[in-house]
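Quick note, my numbering runs 1203 ahead of the 1-based positions in the sequence shown.
For each residue, glycine too, the CB sits at the ideal point set by N, CA and C.
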Amino acid sequence: MASGATYLIVGLGNPGSKYDSTRHNVGKKVVQRLARELKGKFNRRAGAMQTAEVFCEDARVVLGIPDAFMNESGQAVADLVKRHPVPLDRLLVIFDDVALPLGNIRVRPRGSDGGHRGIRSIIGLLQDDGFARLRIGIGSKEVPQALDQYVLAPFSRQEQKLLAQTLDGAVAVCRVWMRQGIEAAMNRSNRKVS
């Protein structure tokens, strides 16, 4: 962690209370948990983004939750990066991944959108894929072909305990990323939570 540096962490999801408990909103949930741990409150706005500024050791961390729907996240993230200019390796985007089973989290330093429309939107607006991403597994053995319905459904009661452990694990990985960098975060995350 660079002393005095600014880091950006964005959790993707859909706005509105009707989506709060859906699978698509796990990225948003991780950032909300991280804000609670670091005593931050989402009371600032940066364009179409709710933000909270917190400090982790000597670094300033801007946490963001787009007000835009998932597939249109790019403009909100691009506006945040414009408002807080940082090298893209200091941007971490957290989102759901139906290809990963629940209980799995993965960190990558950069790369393609992997079929995720929110990430595709961000890459398109930033015109760069050089930002870190933390993927939260939401998949199960019974993922239906109607993926839109699946990702917009809530987690089952049986999944709740593993979900809580997964979110806690993702928060811990965010803190490792801020303190020790991408390699340490990858080593910490690229395994099953339990």
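- Comparing C-alpha distances from R1360 to each of S1224, Y1210, L1215 shows the shortest one belongs to S1224.
- At the C-beta level, G1327 and D1261 stay beyond 7 Å of one another.
- Between V1296 and M1389, the C-beta gap is not smaller than 7 Å, which leaves the two residues out of contact.
- Between A1281 and V1213, the alpha-carbon positions lie close to 11 Å from each other.
- Here L1305 has G1340, I1341, G1342, S1343, E1362, L1365, L1366, T1369 as same chain residues with Cβ atoms under 7 Å from its own Cβ, once five neighbours each way along the sequence are excluded.
- Out of Q1235, V1257, V1264, M1273, the CA that lies nearest to the CA of A1251 is found in M1273.
- Check the Cα spacing between A1279 and each of A1302, T1254, R1263: the tightest is with T1254.
- Residue pairing by DSSP places L1295 opposite I1212, A1335 in a beta bridge.
- Burial state of S1220 is exposed, judged by a 10 Å Cβ sphere holding fewer than 16 other Cβ atoms.
- The DSSP-derived three-state label of G1250 is coil.
- Under the three-state reduction of DSSP, G1314 is assigned to coil, being neither helix nor strand.
- Going by beta carbons, S1392 and V1374 fall outside the 7 Å limit.
- Rounded to whole angstroms, the gap between the alpha carbons of S1315 and R1323 is 8 Å.
- DSSP places R1239 in no beta strand (DSSP E) but in the uninterrupted alpha helix (DSSP H) bounded by 1229-1240.
- Around the beta carbon of D1351, fewer than 16 other beta carbons lie within 10 angstroms, which makes this residue exposed.
- In the structure shown, A1271 adopts coil according to DSSP, grouped into three states.
- According to DSSP, I1341 shares a beta bridge with no other residue.
- According to the DSSP secondary-structure assignment, V1265 is paired through a beta bridge with L1211, E1256.
- Annotation for V1354: the continuous alpha helix (DSSP H) segment containing it runs 1350-1354.
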